[in-house]
Amino acid sequence: MSMKGIKDQTYYEILEVSTTATIKEIQKAYDHAKETFQADSLAVYSLFSEGEMREIQEAIEEAYWVLTNEVSRKSYDQSHFQTVGGQPTEKSIEAQGTSREKKTSLSFIGLSYNAEEELYRGKTLKQVREKMGVELQVISQETKINIKILEGIEEEALEKLPAMVYLKGFLKSFAQSIGLDPHRVVEDYLRFMDEAMKK
Amino acid sequence: MIWTIGGGKGGSGKSFITANIGICLSKLGVRVILIDADLGGANLHTFLGIPPPNLSLSDFIKKRVSSLPDVLIPTAIPNLQLLTGAQDLLNAVDAKSVQKRKLVRSIQSLQSDTILVDLGGGNSLSVLDFFLMSDGGILVVTPEPTSIENTYRFLKSAFYRRLKQSVSTASVKAMINGAMDQKNELGIQNPHDLIKAVRQINEEEANRMIEEAKTFHPNLILNQVRSKKDIEIGFSIRSACLKYFGIQLHYLGYVVYDQDVSHSIRKRRPLVLENSRSKAAQCVMEIASKLANHR
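Protein chains in written order, with my numbering: chain F, 7 to 205; chain Y, 11 to 305.
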């Protein structure tokens with residue numbers, strides 16, 4: 007890897023692990039990355055702007071969630087790497103130029119509900135989850151998000167939702183836990199909220 | 011093999027580390043020449059416990075001495091010689107790159123296995139060039155904000171200078187110059203922005219710069235560490251450099267904070283000779299053995 011913006015790096019590059027890394031290795035790499043890119047870390051504050059730091063922190067969280075979930079990692083791998091002799095290799099240069107958002111949305115086509123038209127809002131998230139047959143309780147345990155908040159998200163109880171900065175993170179984790187593209191879910195949900203507020 | 015030791019700021023321990031690594035290597039049977047190019051305060055001799063030398067590189071440049079080996083100063087340690095006065099040349103504003111390259115060549119032709127150049131805390135173009143021309147650049151950093159800030163400043167300058175040397179188009183060179191100024195009009199904030207901007211005007215040069223960045227592997231020594239957390243900072247610096255510059259920094263090792271270091275400096279006796287069993291000396295030896303295996 008070299009001189010790629012954070013948006014163009016694969017989740018493996020973001021966490022500095024190999025594509026064959028075990029969960030344990032990913033956990034360790036995540037802990038290191040989190041420690042390194044925290045706001046008051048000596049090693050980064052004079053190199054990165056606040057905006058860049060936020061971008062990196064978010065990318066680290068996202069990479070961690072996707073790579074530690076077996077299902078989402080598998081679909082991510084399938085869309086990012088061609089399998090040559092059983093070993094995943096990085097795709098050709100043409101593919102590298104595209105941003106991660108584009109690549110990620112590709113990876114979730116198989117799993118996503120109504121991939122094109124409809125916005126991801128509370129009820130769509132609920133439908134996807136139910137289609138997968140996962141209890142909200144399980145998601146809550148997996149993502150460590152309070153079940154009340156998950157319920158609020160699904161029920162679209164806007165007045166019960168936490169502050170925007172937390173909500174974004176929760177939506178991301180929730181989306182990842184049910185194999186959806188976190189970027190799209192956050193974007194859609196916020197747009198949905200925006201429209202709902204106007205009404 | 012020529013190693014240059016630079017970056018950071020005065021007081022991070024570059025001369026201490028240069029002198030003691032040099033001694034360790036010579037004890038391993040490696041022929042070593044130490045070169046003092048510290049502009050601020052050339053005192054590598056003091057770390058070796060010898061008086062200020064009369065002969066220097068200037069005598070060779072001003073042709074008072076006909077060959078470079080004649081200005082080498084022997085030390086009490088077998089296999090170890092000292093060359094001072096390189097700062098005069100690095101300091102010379104009119105030192106053309108031809109001259110600099112000539113100096114590097116004559117240094118390379120010295121009969122030695124390993125040459126360690128103490129660049130001091132300077133940030134001038136000549137220092138940067140010397141750092142970039144060597145086989146391996148070593149940054150000595152202490153786990154303090156000021157030291158790390160200055161090291162990044164040095165690394166940024168060296169990095170952009172190296173990129174600039176790799177391209178030939180005037181417009182791209184100008185763009186790199188612009189990027190070195192944080193408040194540039196192009197809105198280039200970091201190396202990624204720079205590559206993007208260059209790619210828009212010249213795809214080939216952008217690719218050349220990416221290739222050049224891949225070959226830039228500076229080394230890092232963390233000095234005066236006091237805790238396990240301090241040691242981790244070295245790994246964090248490595249990660250930060252990978253994310254920011256896209257370069258692979260090599261974390262050579264760390265030296266623990268140790269009272270024995272200041273005792274040895276006061277006595278004007280090299281630590282690894284005076285107190286080879288001290289913790290700091292053990293750390294230095296470990297780093298030296300890594301360098302020895304690198305040849």
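Yeah, the Cβ is synthetic: ideal placement off N, Cα and C, and Gly gets one too. Small disclaimer: the values here were computed from a predicted structure and weren't measured.
Handout entry: Span of the beta strand (DSSP E), counted from its first residue to its last, around Val23(F)
Key = Segment: none, Val23(F) is in no beta strand (DSSP E) and carries neither H nor E.
Chain F residues whose Cβ lies nearer than 8 Å to that of Tyr162(Y)
Ser52, Leu53
Point to revise | CB-CB length for Arg159(Y) against Ser52(F), believed under 8 Å | key: Reading off the sequence shown, one finds Glu at residue 159(Y), where the question assumed Arg. About 4 Å separates the two Cβ atoms, so the contact holds.
For the ligand ZN, any of its heavy atoms closer than 7 Å to the Cβ of Lys40(F)?
-> Only the bare structure without any ligand can be found here, which leaves the ligand ZN out of the picture.
**Asked** Can you tell me where the alpha helix (DSSP H) with Thr28(Y) in it begins and where it stops?
**Response** 24-37
Tell me Asp128(Y)'s beta-bridge partners as DSSP assigns them. Ile15(Y), Asp46(Y)
- Message: Please identify the residue among Phe26(Y), Leu65(Y), Gly146(Y), Ile247(Y) whose C-alpha is closest to the C-alpha of Phe54(F).
- Response: Ile247(Y)
Point to revise | Residue from Glu296(Y), Ser116(Y), Met11(Y), Gly17(Y) whose Cα sits closest to the Cα of Thr307(Y) | key: No information on residue 307(Y) is available, as it lies outside the stretch 11 to 305 that chain Y covers here.
- Query: Is the CB-CB distance between Ile33(Y) and Pro280(Y) below 8 Å?
  - Reply: yes
Start-end ranges of the beta strand (DSSP E) lying completely within the stretch 244-270 of chain Y, minimum 3 residues
260-266
I need the DSSP call for Gly147(Y), collapsed to helix, strand or coil. strand
| query | Quick one: Cα of Ser116(Y) to Cα of Asp46(Y), how far? | reply | 16 Å
query = Between the Cα of Ser68(Y) and the Cα atoms of Asp203(Y), Leu93(Y), Tyr261(Y), which residue gives the shortest distance?
reply = Leu93(Y)
- Message: With three or more beta-carbon pairs closer than 8 Å as the criterion, would you say the stretch 239-257 of chain Y touches the stretch 195-215 of chain Y?
- Response: yes
Handout entry: Minimum Cβ-Cβ distance from Gly185(F) to chain Y less than 8 Å
Key = no
Return the chain-ordered list of same chain residues with a C-beta closer than 6 Å to the C-beta of Val127(Y), the five sequence neighbours on each side being excluded. Thr14, Ile45, Ala47
task: Give the secondary structure of Ile184(F) by DSSP, where H, G and I count as helix, E and B as strand, and everything else as coil.
output: coil
Checklist entry - Under three-state DSSP, which class holds Glu100(F)? => result Because Glu100(F) sits at a pLDDT of 36, beneath the cut-off of 50, its placement in the model cannot be relied upon, and the point is left open.
Closer than 8 Å to chain Y by CB, His86(F) = no
Beta carbon of Leu54(Y) nearer than 8 Å to that of Ser25(Y): yes
What residues from chain Y crowd round Ser24(F), counting only those whose CB sits closer than 8 Å?
-> Those within 8 Å of Ser24(F) in chain Y number zero; the least Cβ separation is about 14 Å.
Taking 8 Å as the CB-CB limit, is Thr3(F) close to chain Y?
Because chain F spans 7 through 205 in this model, residue 3(F) falls outside it and cannot be assessed.
### Message
Whole angstroms are fine: how far does the CA of Leu35(Y) sit from the CA of Ser299(Y)?
### Response
7 Å
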